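Participant:
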Amino acid sequence: MKKLGITSLSLALALGLSTLPVMLQAAPVAVSPVATATPVVTQTPVSKVGTSVAKKEQAIATDDATVNINTASAEDFARVMNGVGLKKGQAIISYREELGQFTAIEQLQEVPGIGTALFERNKDRLKL
């Protein structure tokens, strides 16, 4: 009886394992082959309160989307302008301190390191 149980178990195991490659090929790929430990984030519907907060944040972001080239710090230039870091921001300030305040936004192109392409990319973010 013991031998029959072991034989039956091994036969069932062999049959189960023999169909495994077929099942894996037929199964759709649902996850990447590398397991990650990142949690799944689900989106929850935004309430009316959430939308008013989002609108206020957007209004603040719009105000922060421009920088006054005559009063801004190097950090302000780096934060608002695309392609400008602290070093170029400091170059703008040095130029402003040496030659006085800008009278036109286009004068920013005279600053070493600020070319036409960089100016064109950021001209909507600049103000006097």
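In short: position in the sequence shown from 1, add 194, done, that's the working numbering.
Beta carbons are placed, not taken as given, at the ideal position from N, Cα and C, and that holds for glycine.
Because the structure is a prediction, the values reported are computed rather than measured.
Based on Cα-Cα distance, which residue from SER204, GLN303, LEU320 lies nearest to ARG273?
Facilitator: LEU320
Participant: If we ignore side chains and look at the alpha-carbon of each, how far apart do ASN262 and LEU322 end up?
Facilitator: Answer to the nearest angstrom: the Cα atoms are 5 Å apart.
Participant: Nearest-angstrom Cα distance between LYS317 and VAL305?
Facilitator: C-alpha separation (whole angstroms): 14 Å.
Participant: Kindly list the residues whose CB is nearer than 6 Å to the CB of ILE299, restricted to its own chain and excluding five residues on each side of it in sequence; keep chain order.
Facilitator: Only LEU320 meet the Cβ criterion.
Participant: How many Å lie between ILE308 and ASN264 at the Cα?
Facilitator: 16 Å
Participant: Within 10 angstroms of its Cβ, does ILE286 collect 16 or more other Cβ (buried), or is it exposed?
Facilitator: So ILE286 ends up on the buried side.
Participant: Report back the beta-carbon spacing between GLN303 and THR310 to the nearest angstrom; my notes put them in contact at under 8 Å.
Facilitator: 6 Å
Participant: Report the rounded CA-to-CA distance for LEU280 versus ARG290, giving the unit in angstroms.
Facilitator: 15 Å
Participant: What number of angstroms, rounded off, separates the C-alpha of ILE200 from the C-alpha of ALA208?
Facilitator: 12 Å
Participant: Nearest by alpha-carbon distance to ASN276: which of SER202, LEU312, SER204 is it?
Facilitator: The residue with the shortest Cα to Cα distance from ASN276 is LEU312.
Participant: From what residue to what residue does the alpha helix (DSSP H) around GLN284 run?
Facilitator: 280-293
Participant: Hey, could you find the ends of the alpha helix (DSSP H) GLU314 is sitting in?
Facilitator: Per DSSP, GLU314 belongs to the alpha helix (DSSP H) from 310-316.
Participant: Measuring only the C-alpha atoms, how far is ARG315 from GLY283?
Facilitator: 15 Å
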